Structure formats: structure tokens, C-alpha cells
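A.B. asks: For the first sequence, position 260 matches number 260 in my numbering, and the numbering has no gaps at all.
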Amino acid sequence: MREFKLYDTLSRTVKPITTSEPGHLKFYSCGPTVYSYAHIGNFRTFLTTDLVIRTAEAIGWDVTYVSNITDVGHLTQDDVADAAGDDKMAKALASKEGDQFANVWDLARFYAVAFEDDWKRLNLKTPTVRPRATEHMREQIVAVEDLIKKGHAYETPTGVYFSVDSFEEYGKLSGNTDRENLQVAVRDVVQDDNKKNPADFALWKKDDKHLMQWFSPWGWGFPGWHIECSVMAQKYLGDTIDLHGGGEDLKFPHHECEIAQSEAGTGKPFCNHWMHVTFLQVEGEKMSKSKGNFFTVRDLLEQGFDPIALRYALISVPYRKPHNFTIQTLKDAEGNVERFREAGRRIEAILGEGWLESAGDFGSDQLGQELSGIYEQGLNAMLDDLNTSVAIAKALEGTKAILRISSLSESDAKEGAAFLAKVEALLGITGLIATQEPEEEAEPEIEGKLVSVWVTERDEAKKNKDYATSDLIRNKLTAAGIELRDTPDGTVWAKR
RNA sequence: GGCGACGUACCCAAGUGGUUAAGGGAAGGGUCUGCAAAACCCUCAUUCACCGGUUCGAAUCCGGUCGUCGCCUCCA
Numbered sequence: 001m002r003e004f005k006l007y008d009t010l011s012r013t014v015k016p017i018t019t020s021e022p023g024h025l026k027f028y029s030c031g032p033t034v035y036s037y038a039h040i041g042n043f044r045t046f047l048t049t050d051l052v053i054r055t056a057e058a059i060g061w062d063v064t065y066v067s068n069i070t071d072v073g074h075l076t077q078d079d080v081a082d083a084a085g086d087d088k089m090a091k092a093l094a095s096k097e098g099d100q101f102a103n104v105w106d107l108a109r110f111y112a113v114a115f116e117d118d119w120k121r122l123n124l125k126t127p128t129v130r131p132r133a134t135e136h137m138r139e140q141i142v143a144v145e146d147l148i149k150k151g152h153a154y155e156t157p158t159g160v161y162f163s164v165d166s167f168e169e170y171g172k173l174s175g176n177t178d179r180e181n182l183q184v185a186v187r188d189v190v191q192d193d194n195k196k197n198p199a200d201f202a203l204w205k206k207d208d209k210h211l212m213q214w215f216s217p218w219g220w221g222f223p224g225w226h227i228e229c230s231v232m233a234q235k236y237l238g239d240t241i242d243l244h245g246g247g248e249d250l251k252f253p254h255h256e257c258e259i260a261q262s263e264a265g266t267g268k269p270f271c272n273h274w275m276h277v278t279f280l281q282v283e284g285e286k287m288s289k290s291k292g293n294f295f296t297v298r299d300l301l302e303q304g305f306d307p308i309a310l311r312y313a314l315i316s317v318p319y320r321k322p323h324n325f326t327i328q329t330l331k332d333a334e335g336n337v338e339r340f341r342e343a344g345r346r347i348e349a350i351l352g353e354g355w356l357e358s359a360g361d362f363g364s365d366q367l368g369q370e371l372s373g374i375y376e377q378g379l380n381a382m383l384d385d386l387n388t389s390v391a392i393a394k395a396l397e398g399t400k401a402i403l404r405i406s407s408l409s410e411s412d413a414k415e416g417a418a419f420l421a422k423v424e425a426l427l428g429i430t431g432l433i434a435t436q437e438p439e440e441e442a443e444p445e446i447e448g449k450l451v452s453v454w455v456t457e458r459d460e461a462k463k464n465k466d467y468a469t470s471d472l473i474r475n476k477l478t479a480a481g482i483e484l485r486d487t488p489d490g491t492v493w494a495k496r
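1) Classify S275: buried if its beta carbon has 16 or more other beta carbons within 10 angstroms, exposed otherwise.
2) Take K88 as the anchor and find which of E415, P32, R311 and A343 has the nearest alpha-carbon.
3) What number of angstroms, rounded off, separates the C-alpha of P438 from the C-alpha of R121?
4) Please state whether DSSP places R320 in a helix, a strand or coil.
5) At the level of alpha carbons, what is the spacing between N42 and I69?
6) For Q183, which residues in the same chain have their Cβ closer than 8 Å to its Cβ, ignoring the five residues on either side in sequence?
7) Please check the pair L173 and E256, which I expect to be a contact at CB under 8 Å, by giving their CB distance rounded to whole angstroms.
8) Would you mind reading off the limits of the beta strand (DSSP E) that contains T156?
9) Between the alpha carbons of L484 and I347, how many angstroms are there, rounded?
10) For the beta strand (DSSP E) that M275 lies in, which residues bound it at each end?
11) Considering only C-alpha positions, which residue in the set L383, A133 and P322 is nearest to V282?
12) Grab me the residues of L426's own chain with a C-beta within less than 6 Å of its C-beta, minus the 5 sequence neighbours each way, in chain order.
13) In this structure, how does DSSP classify S409 when only helix, strand and coil are distinguished?
14) If K26 sits next to L237, beta carbons under 8 Å apart, how far is it from one beta carbon to the other, in whole angstroms?
15) Can you tell me whether DSSP reads T45 as helix, strand or coil?
16) With a Cβ-Cβ cutoff of 8 Å, do C30 and L280 count as a contact?
17) For A38, which residues of its own chain have a beta-carbon under 7 Å away from its beta-carbon, when the five flanking residues on both sides are left out?
18) Going by other Cβ atoms of all chains shown within 10 Å of its Cβ, with 16 needed for buried, is M232 buried or exposed?
19) With a threshold of 8 Å, are at least 3 pairs of Cβ atoms found where one atom belongs to the stretch 369 to 383 and the other to the stretch 395 to 402?
20) For the candidate residues I40, S36 and K476, whose alpha-carbon lies nearest to that of G247?
21) As an exercise, report each continuous alpha helix (DSSP H) stretch of at least 4 residues that is fully enclosed by the stretch 231 to 269, in chain order.
22) Residue ranges of each beta strand (DSSP E) run of no fewer than 3 residues wholly in the stretch 90 to 120, ordered along the chain?
23) From I350 to T388, what distance separates their C-alpha atoms?
24) Give me the Cα-Cα distance between E440 and E447, rounded to the nearest whole angstrom.
25) Is it buried or exposed, P157, if we count other Cβ atoms within 10 angstroms and call 16 or more buried?
26) My output table needs one value for F27: the three-state DSSP class, helix, strand or coil.
27) Less than 8 Å between C-beta atoms, sequence neighbours within five positions excluded: which residues of the same chain meet that for E139?
28) To the nearest whole angstrom, what separates the beta carbons of W218 and E258, a pair I think is in contact under 8 Å?
29) Just to confirm my understanding: we take A521, look at its own chain, exclude 5 residues before and 5 after, and list those with CB closer than 6 Å. What are they?
30) From the DSSP output, in three-state form, read off A393 for me.
31) On the premise that G265 lies in contact with A143, defined as a C-beta separation below 8 Å, what is that separation, rounded to the nearest angstrom?
32) Do W204 and G159 come within 8 Å of each other at the CB atom, strictly closer than that value?
33) What does DSSP give as the partner residues of V66 in its beta bridges?
34) Give every residue of the same chain whose Cβ lies closer than 6 Å to the Cβ of S411, excluding the five residues on either side of it in the sequence, and list them in chain order.
35) I'd like the list of long-range same chain contacts for A421, defined as Cβ closer than 6 Å, with 5 residues on each side in sequence excluded.
36) Exposed or buried, D50, counting other C-beta atoms within 10 Å across all chains shown (16 or more means buried)?
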């Protein structure tokens with residue numbers, strides 16, 4: 001069994017992931033709150049978890065991957081202490097963009113669909129389960145009742161709170177073990193005088209005015225932000241999970257609170273390995289919703305950028321390093337994705353359609369051995385705390401080895417196919433799998449026929465050495481976004 | 001106030017004790033081509049912010065200086 005090493009926030013070391021069942025990884029990754037379109041920073045995190053799955057599968061592991069959607073509008077300051085801010089979703093509904101929605105439920109549904117759409121376009125693997133907070137209300141209420149019963153939570157006139165002092169190890173993940181520092185950390189949060197400790201966090205908030213509310217043993221209200229992940233992780237993965245991840249901001253308080261709730265409830269370790277993704281920066285600066293200096297995935301795709309190039313750009317720097325995303329990075333990525341596609345086109349010319357799906361393993365000939373070695377180096381880089389920079393360099397190295405061969409033999413093409421198929425499975429950046437939305441596919445059919453007519457026309461002109469006409473046609477097509485390439489086997493075209 | 005990251009060529013960036021400091025972009029030259037495009041080939045850091053130290057040996061370890069940035073609050 002091969003080792004898959006990843007930095008673990010809890011032990012603060014890079015260590016091999018251990019799975020409770022051999023070869024079966026149980027992984028929970030915190031998803032977004034759906035009150036707006038997801039931005040590229042969100043996706044740096046989700047892409048990182050996607051790479052964990054791909055890497056695990058590349059060494060033959062089964063992965064049960066749970067990634068939730070938070071569709072309850074939690075309070076904006078319900079983090080360390082309790083609630084006092086506005087509801088995120090209510091805020092979104094009240095904003096200009098919110099006018100199109102009848103209510104918060106409608107809004108959550110809309111952005112959840114948009115999110116899954118972006119997810120597919122960036123070629124992320126579909127989770128085994130994608131649970132929603134609103135669909136697990138009963139379980140959350142039961143969990144809160146259980147914590148009260150076990151003496152870890154108590155009711156006040158404003159809600160139900162988890163007693164931080166009842167859980168010795170509170171703070172072990174984030175290092176916020178020093179109660180004095182905790183006081184500093186919670187300084188700006190509005191306090192509830194009925195709480196036993198200002199750091200106690202909400203499990204249930206009483207509020208019969210809230211836009212989303214449920215009936216509970218404590219009256220009308222809604223659940224605290226942290227309890228949903230504890231409940232859903234346990235429901236789908238069991239009391240102890242192998243790996244849990246999310247953005248670096250979730251370390252404290254969110255994951256700290258998840259640990260406290262879960263372990264206080266079950267008496268068992270909640271999770272053996274924690275990973276956190278460092279925030280993405282844009283043009284050298286932190287991006288955030290409140291600053292408004294962010295790109296959504298949609299923004300960039302609407303500007304015509306290739307979704308796979310966006311994926312490439314977002315994973316090109318290892319996840320624990322600060323990554324300064326720029327438009328230039330994205331443009332650089334486009335060229336490289338195009339190189340994978342070019343290699344794919346050459347292979348398809350020999351093996352025909354379906355070559356990627358039917359690609360086999362490496363052979364024993366020289367090219368097969370060379371590509372096999374390069375792929376192994378890339379895989380090893382991924383197994384060493386997801387070194388995507390090296391893995392991508394290896395993907396390009398192998399692709400160049402394929403492109404270097406001016407005339408591929410059938411055996412060469414098969415080796416190349418094996419390489420590209422493995423790279424695609426591991427990194428998802430070759431652009432050889434269509435991620436376009438289905439409705440966009442109808443039009444190119446007709447368009448393609450029109451282009452073919454012009455290409456034939458131009459070939460005629462070229463044959464007659466009428467270069468004025470042939471160049472005119474090429475220029476017109478270029479202006480229309482169609483790029484022509486004359487190859488020994490004839491003219492091929494691609495959309496730019 | 002607490003915690004942490006980073007500073008490598010024009011740009012992005014890997015490398016964290018030892019042969020030639022990955023890879024990509026840009027730039028320059030070349031092959032191919034009617035010309036292009038694409039692809040391929042070649043060139044492009046004796047040097048890793050700065051100053052000391054440890055060591056046979058450091059971009060890599062230690063100390064200091066300067067600079068940039070992030071998390072702890074909404075946010076992945």
C-alpha cells in the first residue's frame with residue numbers, strides 16, 4: 001500500500017493519511033453557504049479537495065467523499081460567541097441582486113444550482129453525497145438535545161449554547177487553548193449575559209422572526225452554524241472520519257467547534273487528519289466578499305476564459321502556499337491546456353474517437369517506459385502533500401515527449417493515450433473531457449459545417465496558388481474566432 | 001494582542017544540507033510553412049532579499065535586519 005502524505009493541522013506535521021478501513025478514505029469537506037455565486041477563492045479550496053480524491057484514487061483507494069451545501073442563513077457573527085449580526089442570506093435577499101427571488105429558500109436554491117454548475121464546468125468530481133443543512137434539521141435538533149443531556153450544553157432565553165468549559169480539549173486544533181487569548185478573540189462579538197462563558201457558541205438560536213425557522217424543543221428558531229457539519233459527517237461517514245478539510249478560515253472557530261460538539265457527543269475522536277487550504281490572493285491582495293475585489297467563476301467564464309485553464313491556474317501553486325492569482329497566470333494556463341489538447345488531437349487522428357476512454361496501461365517499449373517514469377514522478381509529487389507545481393511540470397514533460405514525435409505510430413499513440421488518460425484522471429487539466437453545458441453543444445454542429453465549407457474553399461485556392469483568396473478566408477475566420485492550422489494531413493481548425 | 005506564511009531570472013513558480021537551481025510565460029535565434037498558426041529545437045539565474053553564524057559543503061539549518069502578505073471578524 002502506497003503512502004499519501006498530507007499536512008495535518010492538528011499535529012502540525014506532514015504525515016501519511018491513515019484510513020480506518022484499509023484502502024477506503026472517508027473524507028468530509030466543508031462546502032459553501034449559497035447566498036451568492038462562488039468565487040475563485042472558494043474553488044481553490046474545492047479544487048484542492050478534488051485533488052485529494054483523484055490522488056487517492058490513483059493509488060487504488062476507494063473514496064467516500066461528503067461535501068455539504070450550507071443553505072441556512074447563519075448569523076454573520078455567530079462564530080465564537082453568539083448571534084448579533086445580520087443573516088447572510090437575508091442580507092443577500094435584501095440586496096439589489098436579491099430582487100429576483102421570492103424568498104430566501106428560492107435564493108438558496110438558485111445559488112446552489114449555480115454552484116453545482118460551476119463545479120462541473122471546472123471538472124470537479126461529484127461527491128458521493130452532497131447533503132444540505134436544511135434537509136438534516138431533525139438530526140441537528142437531536143444532536144443538540146443529546147449534548148444538553150450529556151451536560152455539554154445549556155439553554156438560555158436566547159438559545160442553546162455549547163459549554164466550552166465542559167470540553168477540556170477545546171482549542172486543540174487552532175492553538176487557541178489559552179483562555180486569555182480566547183477572550184481577545186471574542187472581544188468584538190456581542191455577548192449574551194446568560195452565557196456561562198463568553199466563548200460558548202450557539203447550537204440553537206431562538207428567533208421567531210428569522211426568515212428560515214423550524215420548531216424545536218426550545219421553540220421556533222434555527223440551528224447554529226457548526227452543528228450541521230458534525231451531524232452530516234457522522235451520518236454519512238461514521239463517528240470517526242479519516243480526513244476533514246476546508247479553507248484556512250474554518251480552522252477556528254468552525255472546525256474547533258465541530259470537534260468539541262462531535263467528541264463531546266460520541267466520546268470518540270471525530271477526525272484523524274485535518275487539512276486547510278491557504279487563501280487565494282488576487283493581484284497581490286486578499287480577496288473577500290466584503291471588499292468586493294473578487295472574481296466569480298462565472299465572471300471569468302463569461303469573459304471567454306477556458307474553464308479548464310481556470311482550473312489549471314488555480315491549482316498551479318501548492319495549496320499551502322499563498323497563491324497570487326492574476327489574469328496573466330490564467331492566460332499562461334490557456335496555452336498549456338491547449339498543448340494537452342494538441343497532443344490529444346494527434347492521438348485521436350490515429351486511434352479514432354473514444355481513445356481516451358479506452359486507453360490502457362503503459363507498454364514495455366521505450367516511449368511507454370519513458371512516459372511511465374514521468375507519470376510516476378508526477379504521482380509521487382501529489383502523494384507528497386499535493387505538490388501540484390511538480391505534478392503539472394511532469395504532465396507537460398510527458399506531453400512534450402509525445403509532441404516531439406513528428407509522426408506517431410499506432411503504438412506511440414497508445415502510449416500517449418495511456419499517459420494523457422492518467423494525467424487527466426490525476427489532475428483533470430488536459431481539457432480532453434468536455435465540461436461545457438449540454439445546451440451549448442447544439443450550435444457548433446451547424447457552425448462546424450459552415451467552417452468546413454470555407455476551409456475547403458481555401459484549400460482549393462491554395463492549390464491554385466491563389467494566396468490572396470486563401471489569406472482572405474483565413475483572416476475572416478480568424479476574426480470570427482476560428483483558428484486554422486495547416487498540417488501535413490490537411491487543414492484543421494479550432495475555436496479560440 | 002495572539003498565530004502563521006513568504007521574499008528564487010523580466011513575470012508566475014518548484015526545490016528545505018551535497019552531481020548541471022524543476023516547469024510555465026515573456027523575449028531572442030532556428031526547423032517546418034507560399035506566408036502564417038501550431039508543434040519542435042536552441043539561448044535565457046556561478047546564483048537564491050540583506051548581514052552574520054554552524055558545516056568539508058547552505059537557496060536549504062541557526063541568529064539578526066529589511067520588505068510583502070495572510071489567519072484569528074463576514075469570508076473557502
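Ideal Cβ placement from N, Cα and C applies to all residues, glycine included.
All figures in this text were calculated on a predicted structure; none of them were measured in a lab.
C.D. replies: On the basis of the coordinates in this document:
1) Counting from 1 along the first sequence, the entry for residue 275 is found at position 275. Correcting the residue identity first, residue 275 is Met in this sequence and not Ser. So M275 counts as buried.
2) Locating residue 88 in the first sequence gives position 88, counting from the first residue. With respect to the C-alpha of K88, the residue from E415, P32, R311 and A343 having the closest C-alpha is P32.
3) Taking the first sequence and counting its residues from 1, the one referred to as residue 438 is at position 438. Taking the first sequence and counting its residues from 1, the one referred to as residue 121 is at position 121. Unreliable placement is indicated for P438, whose pLDDT of 42 sits below 50; no coordinate value is reported for it.
4) In the first sequence, counting from the first residue as 1, residue 320 sits at position 320. When secondary structure is reduced to three states using DSSP, R320 falls in the coil class, being assigned neither helix nor strand.
5) As a working note, residue 42 is residue 42 in the first sequence. As a working note, residue 69 is residue 69 in the first sequence. Taking the straight line from one Cα to the other gives about 13 Å.
6) For this step, residue 183 is matched to residue 183 along the first sequence. Annotation note: pLDDT 49 at Q183 (below 50); position unreliable, no value reported.
7) Here residue 173 refers to the residue found at position 173 of the first sequence. Here residue 256 refers to the residue found at position 256 of the first sequence. For L173 against E256, the beta-carbon gap comes to about 5 Å, under 8 Å, which counts as contact.
8) Mapped onto the first sequence, residue 156 falls at position 156. According to the DSSP assignment, T156 belongs to the beta strand (DSSP E) that extends over A153 to T156.
9) Looking up residue 484 in the first sequence gives position 484. Looking up residue 347 in the first sequence gives position 347. Linking L484 to I347 through their CA atoms gives a straight-line distance of about 19 Å.
10) The residue you call residue 275 lines up with position 275 of the first sequence. Element bounds for M275: W274 to V277.
11) For this step, residue 282 is matched to residue 282 along the first sequence. The shortest Cα separation from V282 among L383, A133 and P322 belongs to P322.
12) Taking the first residue of the first sequence as 1, we reach residue 426 at position 426. Answer for L426: R54 and A58, listed in chain order.
13) The sequence position of residue 409 within the first sequence is 409, counting from 1. In this structure, S409 counts as coil in the three-state DSSP scheme.
14) For the purposes of this step, residue 26 is taken as the residue at position 26 of the first sequence. For the purposes of this step, residue 237 is taken as the residue at position 237 of the first sequence. Rounded, the Cβ-Cβ distance is 4 Å, consistent with contact.
15) Here residue 45 refers to the residue found at position 45 when the first sequence is read from its first residue. In this structure, T45 counts as helix in the three-state DSSP scheme.
16) What you label residue 30 is simply residue 30 of the first sequence in a count that begins at 1. What you label residue 280 is simply residue 280 of the first sequence in a count that begins at 1. Not in contact: C30 and L280 (Cβ atoms no closer than 8 Å).
17) One-based indexing of the first sequence puts residue 38 at position 38. Hits under 7 Å: P32, F115, D118, T296 and V297.
18) On the first sequence, position 232 is the one that residue 232 refers to. Answer is buried; the Cβ neighbour count reaches 16.
19) Verdict: yes, contact present.
20) As a working mapping, residue 247 is identified with position 247 in the first sequence. Nearest neighbour of G247 by Cα position, chosen from I40, S36 and K476, turns out to be I40.
21) Considered as a whole, the stretch 231 to 269 harbours 256 to 266 as its complete alpha helix (DSSP H) runs of no fewer than 4 residues, in chain order.
22) Complete beta strand (DSSP E) runs here, min 3: none at all.
23) Numbered from its first residue, the first sequence carries residue 350 at position 350. Numbered from its first residue, the first sequence carries residue 388 at position 388. C-alpha separation (whole angstroms): 31 Å.
24) Residue 440 sits at position 440 when you count from the first residue of the first sequence. Residue 447 sits at position 447 when you count from the first residue of the first sequence. Here the model assigns E440 a pLDDT of 47, short of 50, so the residue's position is not dependable, and the following value carries that caveat. Their Cα atoms are separated by approximately 12 Å.
25) One-based indexing of the first sequence puts residue 157 at position 157. Under this definition P157 is an exposed residue.
26) Within the first sequence, numbered from 1, the residue matching residue 27 stands at position 27. It is a strand residue.
27) Here the question's residue 139 lines up with position 139 in the first sequence. Result list for E139: V231, M232 and K235, in chain order.
28) Position 218 of the first sequence, counting from 1, holds the residue named residue 218. Position 258 of the first sequence, counting from 1, holds the residue named residue 258. Not really, about 21 Å apart at Cβ, beyond 8 Å.
29) Residue numbering for the chain in the displayed model covers 1 to 496; residue 521 lies beyond these limits and cannot be assessed.
30) Here the question's residue 393 lines up with position 393 in the first sequence. Looking at A393 - three-state DSSP - the assignment turns out to be helix.
31) For the purposes of this step, residue 143 is taken as the residue at position 143 of the first sequence. For the purposes of this step, residue 265 is taken as the residue at position 265 of the first sequence. Correct: roughly 6 Å between the Cβ atoms.
32) In the first sequence, residue 159 corresponds to position 159, counting from 1. In the first sequence, residue 204 corresponds to position 204, counting from 1. Inclusion of G159 and W204 in the CB contact set at 8 Å is warranted, their separation being smaller than that value.
33) Taking the first residue of the first sequence as 1, we reach residue 66 at position 66. For V66, which the question treats as bridged, DSSP gives the partners Y28 and V129.
34) Against the first sequence, residue 411 aligns to sequence position 411. Cβ contact annotation for S411 (same chain, cutoff 6 Å, sequence separation greater than five): none.
35) On the first sequence, residue 421 is found 421 positions in, with the first residue counted as 1. Apart from the 5 residues on each side of it in sequence, A421 sits with its Cβ closer than 6 Å to the Cβ of L356 and A359 in its chain, given in chain order.
36) What you label residue 50 is simply residue 50 of the first sequence in a count that begins at 1. Burial is judged here by how many other beta carbons sit within 10 angstroms of a residue's own beta carbon; D50 has at least 16 and is buried.
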